[in-house]
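Student:
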Amino acid sequence: NKEKPHQAKQPNKVYYHMPIAPKGAILNSTNKTLSWTPTKAQIGKNLFIIEVTDSIDVVLQEFSVFVNDTPNIVSEDSLSIQVGDTLLHLFGVQDLNNNTDLIYNIKTTINELLFSGKQGKLTWVPTVDELGLHTLEISVSDGFSLSEDTQKLKIFVYDLPKLINAPPKEAFINIPYTY
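According to my numbering, the stretch in the sequence shown is residues 18 to 196, in order.
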């Protein structure tokens, strides 16, 4: 106790001040907590300086907090493709942290599908055996915990109708032609 050396058991009165902090940050000196809800404008590194004094000594604590934006998948959630065609789909993602690397993951039951986890690129050539609706689950993350978006992508595989009978190539006078 520097303030009252003759009363060693009585603590000094301590004052808290935050000279540098992002907008909206609140330092509560009663319960000694810092509270803040970051906004989109505060994405990235945010500097805090907290000053604590007992009117004799001053202690500074300087630290920064990185505000992350969760990546969001913004591409279509339904596609269709004809059997034998090549589906090339690049997943569109919005992430306000432009300098972060995105990591893509896929859950699917399709066997012959190519997927790039770094680019979010899907390539597939469906076969006749794969006619119908397929649902894939795509997720994207920027590597931070709690920052992942997931989308269910529905892909409908179809084929054009085919005529299986050839029409008769000749007709006769006064006899009805039927195909």
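For glycine and all other residues, C-beta sits at the position ideal for the given N, C-alpha and C.
For clarity, every value in this text was computed on a predicted model and none was experimentally measured.
#1: Where does D166 sit, in a helix, a strand or coil, going by DSSP?
#2: Take the Cβ of H34 as the centre, count every other Cβ of all protein chains shown within 10 Å, and call the residue buried at 16 or more, exposed below.
#3: What number of angstroms, rounded off, separates the C-alpha of N18 from the C-alpha of Y121?
#4: If you follow the beta strand (DSSP E) that F161 is in, where does it begin and where does it stop?
#5: What separation, rounded to the nearest whole angstrom, lies between the Cα atoms of L46 and H106?
#6: In angstroms, rounded to a whole number, what distance separates the CA positions of N29 and K57?
#7: Helix, strand or coil for Q59 per DSSP?
#8: When you compare each of I181, T125 and I172 to S95 by their alpha carbons, which one comes out closest?
#9: Under the three-state reduction of DSSP, which class applies to V84: helix, strand or coil?
#10: DSSP three-state call for I155: helix, strand or coil?
#11: What's the gap between the Cα of T126 and the Cα of V82?
#12: Can you tell me which of the three DSSP states E79 falls into?
Tutor: Walking through what the data contain:
#1: Against the sequence shown, residue 166 aligns to sequence position 149. In the structure shown, D166 sits in a strand (DSSP, three-state: E or B).
#2: For the purposes of this step, residue 34 is taken as residue 17 along the sequence shown, with counting starting at 1. Per the 10 Å Cβ criterion, exposed.
#3: Here residue 18 refers to the residue found at position 1 of the sequence shown. Here residue 121 refers to the residue found at position 104 of the sequence shown. Unreliable positioning characterises N18 in this predicted model, as indicated by a pLDDT of 49, which lies under 50. A coordinate reading is not provided.
#4: One-based indexing of the sequence shown puts residue 161 at position 144. F161 -> no beta strand (DSSP E), and no H or E assigned at all.
#5: On the sequence shown, residue 46 is found 29 positions in, with the first residue counted as 1. On the sequence shown, residue 106 is found 89 positions in, with the first residue counted as 1. Just to set this straight, residue 46 is Ser in the shown sequence, not Leu. Each residue's alpha carbon lies about 53 Å from the other.
#6: Position 12 of the sequence shown holds residue 29. Position 40 of the sequence shown holds residue 57. Rounded to the nearest angstrom, the two C-alpha atoms are 40 Å apart.
#7: Numbered from 1 along the sequence shown, position 42 holds the residue referred to as residue 59. Helix, per DSSP.
#8: By one-based count along the sequence shown, residue 95 stands at place 78. Ranking the options by Cα distance to S95, first place goes to I172.
#9: Working through the sequence shown from its first residue, we reach residue 84 at position 67. DSSP places V84 in strand when its eight states are reduced to three.
#10: Numbered from 1 along the sequence shown, position 138 holds the residue referred to as residue 155. Looking at I155 - three-state DSSP - the assignment turns out to be strand.
#11: Locating residue 126 in the sequence shown gives position 109, where the first residue counts as 1. Locating residue 82 in the sequence shown gives position 65, where the first residue counts as 1. Going by the C-alpha atoms only, they are around 41 Å apart.
#12: Walking along the sequence shown from the start, residue 79 turns up at place 62. Three-state result, E79: strand.
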